[in-house]
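Just so we're aligned, residue 1 is where the sequence shown starts under the UniProt record's numbering, counting upward by one.
C-beta: ideal position from N, C-alpha, C; glycine also.
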Amino acid sequence: MNVINLMNNHVSVRDFKGKPLSKETKQKLLTAAHAGSSSNFVQATSIIEITDEQVRNEIAEISQSAAYVKKSGALYIFVADLYRQATLLETHHKSLAPIKNMESLLVSVVDTAIAAENMAVAAESLDLGICYIGGIRNNLTRIKDLLHLPKYTLPLFGLTIGEPIAKNGVKPRLPLKNLVSKNQYNPDEFTDLNQYDQVMENYYLNRPSHPKKMDWSTSQLKFFSDVKRPEVADFIREQGFTLK
Ligand SMILES: Cc1cc2nc3c(=O)[nH]c(=O)nc-3n(C[C@H](O)[C@H](O)[C@H](O)COP(=O)(O)O)c2cc1C
Numbered sequence: 001m002n003v004i005n006l007m008n009n010h011v012s013v014r015d016f017k018g019k020p021l022s023k024e025t026k027q028k029l030l031t032a033a034h035a036g037s038s039s040n041f042v043q044a045t046s047i048i049e050i051t052d053e054q055v056r057n058e059i060a061e062i063s064q065s066a067a068y069v070k071k072s073g074a075l076y077i078f079v080a081d082l083y084r085q086a087t088l089l090e091t092h093h094k095s096l097a098p099i100k101n102m103e104s105l106l107v108s109v110v111d112t113a114i115a116a117e118n119m120a121v122a123a124e125s126l127d128l129g130i131c132y133i134g135g136i137r138n139n140l141t142r143i144k145d146l147l148h149l150p151k152y153t154l155p156l157f158g159l160t161i162g163e164p165i166a167k168n169g170v171k172p173r174l175p176l177k178n179l180v181s182k183n184q185y186n187p188d189e190f191t192d193l194n195q196y197d198q199v200m201e202n203y204y205l206n207r208p209s210h211p212k213k214m215d216w217s218t219s220q221l222k223f224f225s226d227v228k229r230p231e232v233a234d235f236i237r238e239q240g241f242t243l244k
């Protein structure tokens, strides 16, 4: 399958055979992750493979995604990481202020997301299934302790990868008219969700697993009805980021 078709056919997989990935496959995936673009070439990413059963089980519980986190062929935690640069600066008796600010944190988060998506696409090109696990942020302090993460790091999400047992149908995305414009932001088009709501209502009603009556606007109203993980801001500051 060519790369564009592969990307357009993406679905998250939450039902894995549980067979560990081979060393060769993992090497290919890690190399692909590491080949992505990097802002100012800071390479501000670390990838931690979880092989310890106990650690994996605890991450599964924290994520409330126990079934598929435990059964995937590999589990990687993606960490936005400026500790390397912090160590370098400290060794040279330089100020750490330039890595503590919001811009540097953004740079490391963007680099890390690019690396993860590279790995995801590489995995799908090998007929493997993937699912991101943002649920690790349910308890960042415990994740930090479990993985012995130093300051100037932020664990962002896990990535489960494995041989799929079952795959859902492709979820329809927002029509391009809702997110693409020319030369300037287009608030009228971008917020006109009627067409998409109908598409999604139809999708949710007719999908084979967990059908429900729901459209996208309603799902967003529900999701944003309360503030999620307010403690993340404190965690980021405890990790040394002043954001200033
Ligand atoms: C950063 C990130 C975190 C995610 N975290 C979770 C998660 O914790 N558990 C889960 O089941 N799916 C998770 N997902 C998967 C999304 O729910 C999924 O991508 C979305 O519903 C679209 O479905 P699709 O990937 O099948 O097209 C996450 C996706 C992203 C990008």
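Take Leu174 as the anchor and find which of Gln198, Leu154, Lys26 and Ile62 has the nearest alpha-carbon. Position 174 of the sequence shown, counting from 1, holds the residue named residue 174. The candidate whose alpha carbon is nearest that of Leu174 is Gln198.
Look at the Cβ atom of Gln64, then the Cβ atom of Gly162, and state whether they are nearer than 8 Å. On the sequence shown, position 64 is the one that residue 64 refers to. On the sequence shown, position 162 is the one that residue 162 refers to. Not closer than 8 Å, so no.
Please go through the same chain and pick out, in chain order, the residues whose beta-carbon is closer than 7 Å to the beta-carbon of Cys131, but skip the five residues on each side of it. For the purposes of this step, residue 131 is taken as the residue at position 131 of the sequence shown. Ser12, Val13, Arg14, Tyr68 and Thr160, listed in sequence order.
At which residues does the beta strand (DSSP E) containing Asp81 begin and terminate? For the purposes of this step, residue 81 is taken as residue 81 along the sequence shown, with counting starting at 1. Ala74 to Asp81 is the span of the beta strand (DSSP E), which, as asked, contains Asp81.
Are at least three pairs of beta-carbons, each pair with one atom in the segment 52 to 61 and one in the segment 205 to 220, less than 8 Å apart? The segment 52 to 61 is not in contact with the segment 205 to 220.
Would Ala44 pass as a contact of Met119 if the rule is Cβ separation under 8 Å? The residue given as residue 44 occupies position 44 in the sequence shown. The residue given as residue 119 occupies position 119 in the sequence shown. Against a cut-off of 8 Å, the Cβ pair of Met119 and Ala44 comes out as no contact.
Which residues in the same chain have their Cβ closer than 7 Å to the Cβ of Pro172, if we skip the five residues on either side of it in sequence? The sequence position of residue 172 within the sequence shown is 172, counting from 1. So the qualifying residues of the chain are Val199, Met200 and Tyr203.
Could you check whether the segment 143 to 157 touches the segment 68 to 87, counting it as contact only if at least three pairs of C-beta atoms, one from each stretch, sit closer than 8 Å? yes
Buried or exposed: which applies to Leu179, given that a residue is buried once 16 or more other Cβ atoms fall within 10 Å of its Cβ? Counting from 1 along the sequence shown, the entry for residue 179 is found at position 179. When all chains shown are included, Leu179 counts as exposed.
My output table needs one value for Pro230: the three-state DSSP class, helix, strand or coil. Within the sequence shown, the letter at position 230 stands for residue 230. Reduced to three states, the DSSP call for Pro230 is coil.
Spatially closest choice to Leu126 from Ser217, Ser46 and Lys26, by CA coordinates: Start at 1 with the first residue of the sequence shown, and residue 126 comes out as number 126. Closest by alpha carbon: Lys26.
How close, in whole Å, do the beta carbons of Leu156 and Phe241 come, if the pair is a contact with beta carbons under 8 Å? Within the sequence shown, the letter at position 156 stands for residue 156. Within the sequence shown, the letter at position 241 stands for residue 241. Contact doesn't hold; Cβ gap of about 13 Å is too wide.
Helix or strand or just coil, what does DSSP make of Ile47? Start at 1 with the first residue of the sequence shown, and residue 47 comes out as number 47. Correct three-state label for Ile47: strand.
Excluding the five sequence neighbours on either side, which residues of its own chain have a C-beta within less than 7 Å of the C-beta of Lys167, listed in chain order? Counted from its first residue, the sequence shown places residue 167 at position 167. Within the same chain, Lys167 has close Cβ partners Val11, Val13 and Gly129.
When we look at the beta-carbon of Ala60 and count the other beta-carbons within 10 Å, is it buried (16 or more) or exposed? Your numbering for residue 60 matches position 60 in the sequence shown. Flag for Ala60 reads buried.
Distance cut-off 7 Å: Ser209 Cβ against heavy atoms of ligand 1: Sequence index remark: in the sequence shown, residue 209 carries index 209 (1-based). Checking the Cβ of Ser209 against ligand 1 gives no.
Contact between the segment 105 to 123 and the segment 28 to 42: three or more CB pairs below 8 Å? yes
Taking all protein chains shown into account, do 16 or more other C-beta atoms lie within 10 angstroms of the C-beta of residue 250, making it buried, or fewer, making it exposed? Here the chain covers residues 1 to 244 and nothing more, so residue 250 does not appear.
Can you give the Cα-Cα distance for Ala123 and Asn139, rounded to whole angstroms? For the purposes of this step, residue 123 is taken as the residue at position 123 of the sequence shown. For the purposes of this step, residue 139 is taken as the residue at position 139 of the sequence shown. Approximately 27 Å, taken between the alpha carbons.
Give me the residue from Met214, Leu88 and Leu96 with the minimum Cα distance to residue 307. No information on residue 307 is available, as it lies outside the stretch 1 to 244 that the chain covers here.
Tell me whether Ser37 sits in a helix, a strand or coil according to DSSP, three-state version. The residue labelled residue 37 in the question sits at position 37 within the sequence shown. The answer is coil: DSSP assigns Ser37 none of H, G, I, E or B.
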